[in-house]
Every structure is written in structure tokens, then in C-alpha cells.
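Engineer:
Numbering (the working numbering), first residue to last: -8 to 374.
1. Quick check: the Cα distance between residue 38 and residue 240, rounded to an integer number of angstroms?
2. Give the single residue among 162, 174, 108 and 121 whose Cα lies nearest to the Cα of residue 148.
3. Return the chain-ordered ranges of every beta strand (DSSP E) run that is complete within the stretch 21 to 56 and spans a minimum of 3 residues.
4. Taking the alpha carbon of residue 345 as the point to measure from, which residue in 363, 12 and 278 has its own alpha carbon closest?
5. Count the other CB atoms, across all protein chains shown, that sit within 10 Å of the CB of residue 260; report buried if there are 16 or more and exposed otherwise.
6. Sort 62, 71 and 194 by Cα distance to residue 140 and report the nearest one.
7. Can at least three beta-carbon pairs, one atom from the stretch 153 to 162 and one from the stretch 110 to 124, be found at a separation below 8 Å?
8. Check residue 274 in the structure and name its three-state DSSP category.
9. Going by the beta-carbon positions, is the gap between residue 248 and residue 267 smaller than 8 Å?
10. When the distance is taken between beta carbons, is residue 314 closer than 8 Å to residue 144?
11. Bridge partners for residue 199 per DSSP, in chain order?
12. Distance, Cα to Cα, residue 18 vs residue 160?
13. With three or more beta-carbon pairs closer than 8 Å as the criterion, would you say the stretch 179 to 197 touches the stretch 321 to 339?
14. With which residues is residue 336 paired in a DSSP beta bridge?
15. Let me check understanding here. Comparing Cα to Cα, which of 76, 204, 102 and 111 lies closest to residue 91?
16. Could you tell me which residues DSSP puts in a beta bridge with residue 237?
17. Please state whether DSSP places residue 297 in a helix, a strand or coil.
18. Do residue 361 and residue 282 have their C-beta atoms closer together than 8 Å?
19. So if DSSP puts residue 8 in a beta bridge, which residue, or which two residues, is it bridged to?
20. Pick helix, strand or coil for residue 58, following the three-state DSSP scheme.
21. By the three-class DSSP mapping on this structure, what secondary structure does residue 149 have?
22. Buried or exposed for residue 236, going by 16 or more other Cβ atoms inside 10 Å?
23. Using 8 Å as the Cβ pair cut-off and three pairs as the minimum, do the stretch 23 to 30 and the stretch 53 to 67 touch?
24. Going by DSSP, name the residue or residues bridged to residue 117.
25. What did DSSP end up calling residue 140 once you bin it into helix, strand or coil?
26. Cα-Cα, which of 329, 280 and 264 is closest to residue 66?
27. Can you give me the C-alpha to C-alpha distance between residue 96 and residue 103, rounded to a whole angstrom?
28. Compare the Cα-Cα distances from residue 246 to each of 210, 179 and 321 and report the closest residue.
29. Enumerate in chain order the residues of its own chain whose CB-to-CB distance from residue 196 is below 6 Å, with the five nearest sequence positions on each side excluded.
30. On the criterion of 16 or more Cβ atoms from any shown chain inside 10 Å, does residue 172 qualify as buried, or is it exposed?
31. What do you get for residue 36, buried or exposed, if any count of 16 or more other CB atoms within 10 angstroms of its CB means buried?
32. What is the rounded straight-line gap between the Cα of residue -2 and the Cα of residue 234?
33. Give the secondary structure of residue 243 by DSSP, where H, G and I count as helix, E and B as strand, and everything else as coil.
34. Sort 33, 163, 2 and 73 by Cα distance to residue 12 and report the nearest one.
35. Taking residue 291 as the reference, give the member of 76, 193 and 157 with the closest Cα.
36. Given a threshold of 16 other Cβ atoms within 10 Å of its Cβ, counted over all protein chains shown, does residue 1 qualify as buried or as exposed?
Next comes the structure, spelled out in C-alpha cells:
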């Protein structure tokens, strides 16, 4: 008997172009690898109205004539039927193995397009033009795609790196303030796990950045976005496919947030759920002796100053315990819960055994007490 073996490695390499005004001025330069390729541009009605014609002109200048697919999307429509609509459009457009899909929009559009691209002909290229803060600093700069299934967020998905990502902070000018605020939650996350200076910048200028949609102060806005993206890429670079370890600092804020979103029927936005998760996980860290009382107050205080929620009616013992179980299933039987150990540093609670039911009850009470300490009841942001 002979035993034969295939040994292969997967590579994830792509460029993220961060350039204010680039969408209007030099988008074609960022997508110079499209010439002669079959292309589908996927976007949403609002984004199409704002930016669609300019995107089509730029793609044509790059050497491709895109088929356009405009879809009503959102977390409530992030399911397989949306992916299949993209696949159907790609088939009509004659997308071959050298074809490419371009996502113009926020995180949901990127997730749908990435997942579709991974399946069409077993993998075609895709690129992302991120139009929301959440996408620019988080969703668009990773290699994941996916959809929700039944009550499980991102239960079906893929690892499929984009070829190019374009981040133009000027595109944030058209966002509702609520959407800017939601993206801020992911910036707070990156600051908490690895960048103390970024956290301080949010304390100093976060409210102004939200109010001006990252238009002012320009230097600070651009640095916040760049530091956030750089931090995310550094965290992902050693383990992009999550096959080296299931311990990931970037999972901070993503333990109870999926359960909160699903429980709300996805009326609670991702950034809001992440903010609540960050606040509660900080209470767990404080209870376990990892995070000081002072830093706990700074974390929850910053979230509240950014007008992000730090609690929710659905946040209770049953939901937290269910989230623990789901997390263990997703992380190979280990909890691997990232917890802040200071501003800009992080560690893990690796075992469920370290968190008793009594701990859950106690930390939920601690969250409520901390909110009371920080401000009067009418300043408490509870959805």
C-alpha cells in the first residue's frame, strides 16, 4: 500500500487603498486590473443613486463594461436568496473564471458579494468599494463573506480575499449619523485590543468625528481610519483563514453581539450590538481582575459619549449563557473570550469553567451599576 499526500498553502494578499477623494478622482487607477474581464457591479438603491453612475464610468475607464445589479439589502436580507441573485446576474453577464464582482456599499453588500464570488465557478475575483464606516475599517478589509441562516448570524460563509479594496473617507459624508456611530463601535474595539493612542483620539475627538461624518478635523479623521485599518490588518495577517488558532483578539465585542442581533430580529444594528458586547465583556474582565475600575469607567464612558448603547432589554442571563454555548461551537469547543486587560491590551478567558452562572449574574449587575455611576438616567443610552 502506498500513501500519497497533497501539501498546499492558501495565500491571502490584497491592497487596501486609503485616499480621500479617490472615488471621484482616481478610482480607475485603483482598479487597473479589470481590463477585458467580465464584471458585475452589485450595490443597493441608495448607494446606486449617490454613486452608481460614477462607479460605472470609472469601471469602464478601467477597461470593463459592468453588468449592474441593484439589490435591496440589509441584515434582514442577508440570506442565501440574495447570494443566488448575484450568481444569477453573473451567469447572465457571462462571468467566467477570470471574471470579477465589485461590491459598492457597506458590509452586507461586501459579505454577499464575497460569498457569491467564492462559489461562482468555484471562485472568481471580487473587489470592494466601501461606502460606510463599518465597511471601511472592518468588514471590507477582511477576507470573510457570509450570510445568516435561520437564527444564526453568518452561519454560512467563506474565506475569499478581495483583489482590491478602496477606502475613501469622503464617501462617509452621505451617511446617516447613526451609521457613522455604529462604525465607531468597531474602531473602539481595535483601540481596546491594541492601540491606546487611538482610544485617546476617540476620547478627544470622537464626538466631532461623528458629527462631521469624518470630515473634520481632517488629519485626525484620516489617522483614525488608517490606524483602525492597519490594526485590523496586523491582527488578521498571521491567521487570515483562522486555521492557525481560534484565539483572535479581533473577536472582542463579538461574543454576545450575534445573539443580541438575532434576538432583536436584526432591528438592532451590528455596531450597536458590538458596543453593548464591549461594555459587558469589560465588566467580565473587571470581575475577573483583568481590567481596573478606572479603565472600565473609561470604556463604558467613551461608548456612551459616542452615543452608543451599553445595555439592552434582551441582555440577560439566558442570552449570555446561550451565547457562551454558541461561541464554544464556533471556536472548536473553547470559549476563547477576548477580554481587555487595559486600554490597548487584551488577553483571553479560554474556558467556560472560568465563568460560572453566578459570574454572569454578577457582571450584568456590575454593568447596570457602572452606568448609574457614570451619569444620570436620562443620559443612559439603552435601546
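Built from N, CA and C at the ideal position, the CB exists for glycine as well.
Structural biologist: Per the coordinate set shown:
1. Walking along the chain shown from the start, residue 38 turns up at place 47. Walking along the chain shown from the start, residue 240 turns up at place 249. Each residue's alpha carbon lies about 32 Å from the other.
2. Start at 1 with the first residue of the chain shown, and residue 148 comes out as number 157. Minimum Cα distance to residue 148 is reached at 108.
3. 30 to 34
4. Sequence index remark: in the chain shown, residue 345 carries index 354 (1-based). Cα-wise, what sits closest to residue 345 is 278.
5. In the chain shown, the residue the question calls residue 260 occupies position 269. When all chains shown are included, residue 260 counts as buried.
6. Taking the first residue of the chain shown as 1, we reach residue 140 at position 149. Comparing Cα positions, the closest option is 71.
7. yes
8. Position 283 of the chain shown, counted from the first residue, corresponds to residue 274. Note: residue 274 maps to helix in three-state DSSP.
9. Position 257 of the chain shown holds residue 248. Position 276 of the chain shown holds residue 267. Contact flag set, yes.
10. On the chain shown, residue 144 is found 153 positions in, with the first residue counted as 1. On the chain shown, residue 314 is found 323 positions in, with the first residue counted as 1. No, these two residues do not count as a Cβ contact at 8 Å.
11. Locating residue 199 in the chain shown gives position 208, where the first residue counts as 1. BP columns for residue 199 are empty, so no partner.
12. Numbered from 1 along the chain shown, position 27 holds the residue referred to as residue 18. Numbered from 1 along the chain shown, position 169 holds the residue referred to as residue 160. The straight-line gap from Cα to Cα measures roughly 13 Å.
13. yes
14. By one-based count along the chain shown, residue 336 stands at place 345. Looking at the DSSP assignment, residue 336 forms a beta bridge with 333.
15. Within the chain shown, the letter at position 100 stands for residue 91. That would be 111, whose Cα lies nearest to the Cα of residue 91.
16. The count along the chain shown starts at 1 and reaches residue 237 at position 246. DSSP output for residue 237 lists no bridge partner at all.
17. Numbered from 1 along the chain shown, position 306 holds the residue referred to as residue 297. Here residue 297 sits in coil by DSSP.
18. For the purposes of this step, residue 361 is identified with residue 370 of the chain shown, where counting begins at 1. For the purposes of this step, residue 282 is identified with residue 291 of the chain shown, where counting begins at 1. Taking 8 Å as the Cβ cut-off, residue 361 and residue 282 do not qualify as a contacting pair.
19. If you number the chain shown from 1, residue 8 lands on position 17. 157.
20. Here residue 58 refers to the residue found at position 67 when the chain shown is read from its first residue. Residue state, collapsed to three classes: strand.
21. Here residue 149 refers to the residue found at position 158 when the chain shown is read from its first residue. Residue 149: strand per DSSP, three-state reduction.
22. Counting from 1 along the chain shown, the entry for residue 236 is found at position 245. Exposed, since its Cβ has fewer than 16 Cβ neighbours within 10 Å.
23. yes
24. Counting from one through the chain shown, the residue named residue 117 turns up at place 126. According to DSSP, which records beta bridges pairwise, residue 117 is partnered with 92.
25. As a working mapping, residue 140 is identified with position 149 in the chain shown. In this structure, residue 140 counts as strand in the three-state DSSP scheme.
26. Counting from 1 along the chain shown, the entry for residue 66 is found at position 75. Comparing Cα-Cα distances from residue 66 to each of 329, 280 and 264, the minimum goes to 264.
27. Position 105 of the chain shown, counted from the start, is the residue given in the question as residue 96. Position 112 of the chain shown, counted from the start, is the residue given in the question as residue 103. If I take the Cα positions, the gap works out to 11 Å.
28. In the chain shown, residue 246 corresponds to position 255, counting from 1. Selected option, being the one with the closest Cα: 321.
29. As a working mapping, residue 196 is identified with position 205 in the chain shown. Only 211 meet the Cβ criterion.
30. Position 181 of the chain shown, counted from the start, is the residue given in the question as residue 172. Under this definition residue 172 is a buried residue.
31. Looking up residue 36 in the chain shown gives position 45. Looking at its Cβ environment, which holds fewer than 16 other Cβ atoms inside 10 Å, residue 36 is exposed.
32. Against the chain shown, residue -2 aligns to sequence position 7. Against the chain shown, residue 234 aligns to sequence position 243. If you take the alpha carbons of residue -2 and residue 234, they lie about 15 Å apart.
33. If you number the chain shown from 1, residue 243 lands on position 252. Coil at residue 243, not helix or strand.
34. For the purposes of this step, residue 12 is taken as the residue at position 21 of the chain shown. Among 33, 163, 2 and 73, the Cα nearest to that of residue 12 is on 163.
35. As a first step, residue 291 is located in the chain shown; it is residue number 300 there, counting from the start. If we check each option's Cα against that of residue 291, 193 comes out closest.
36. On the chain shown, residue 1 is found 10 positions in, with the first residue counted as 1. Residue 1 comes out exposed.
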